[in-house]
Every structure is written in C-alpha cells, then in structure tokens.
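One structure is given here, and the rest of the page talks about it.
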Amino acid sequence: VETRLALGFSGREAMQPLVRSALRAAMIPVVNGMMTVGLVQLPGMMTGQILAGSSPLLAIRYQIVVVFMQAAATALASLFFVRLIASRYLTPAHQLRRYLL
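Start counting at 1 in the sequence shown, then tack on 225, and there's your number in this note's numbering.
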C-alpha cells in the first residue's frame, strides 16, 4: 500500500488489491456452501415445502433465491466492513496512519 501511495495512487486505488483479496476470502465459505446445496444437503425450507406437498421445482426455485440472497448479504456486508476499515487506515491526505499499524 505504501508503495502504491508513493507512486501517486489515491488511497482507494492503493487499497484496492487488499480489499479485493479480503472480499474474495470472505466469500469462500458462502460459495462452498452453495456448491453443496441440493446435492449433499437438503435445506430445511426446501424439505419442508416438498413434505407439505409443494412442487419440487417450486421448492428448488425458492431455495435458489434464498441461497443467492445469503450470498448477496454476505458480499454487501463484507464490502461495507472492508471499506469502513480501509478508510480508517488512511488520512484525508491519503497517507497511512502508522499508529494503527
């Protein structure tokens, strides 16, 4: 980050590789969970709908929506948190706050 700041990048541009890797790491558990839904595990909502007599295709559609909502919520919360923390490490003059390191 220091090198990128010294080369004239803005604070946001300098932090971009770290933010990207943090977001990628935050999404790993969600993506791994998405890979097993329906194959290895049957989620509770989907099972309940099928046992109640609903169409399996409708239950699958609802479950896909729930899984995508979970992924979107994780992505948005991670992005918000990482941006919030990254902004605390830079001064308004785009310099690192060394006392936080």
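Where a beta carbon is used, it is the ideal one built from N, C-alpha and C, also for glycine.
For a quick check, are the C-beta atoms of residue i and residue j less than 8 Å apart?
| i | j | result |
| --- | --- | --- |
| M270 | Q295 | no |
| G236 | L315 | yes |
| L325 | R313 | yes |
| V226 | L248 | no |
| V169 | M259 | Since the first residue shown for the chain is 226 and the last is 326, residue 169 is missing from the structure and cannot be characterised. |
| A311 | M240 | yes |
Taking 7 Å as the limit between beta carbons, can you name the residues of its chain near residue i, skipping five residues before and five after?
| i | result |
| --- | --- |
| P268 | V262 and Q288 |
Ordered along the chain, which non-local residues of its own chain (more than five positions away) have a Cβ less than 8 Å from that of residue i?
| i | result |
| --- | --- |
| A298 | none |
| E238 | R229 |
If you drop the 5 nearest sequence neighbours on each side, which residues of the same chain put their C-beta closer than 6 Å to that of residue i?
| i | result |
| --- | --- |
| V255 | A296 and T299 |
Review point. Is there contact between the region 311-325 and the region 227-236, where contact requires at least three CB pairs shorter than 8 Å?
Key: yes
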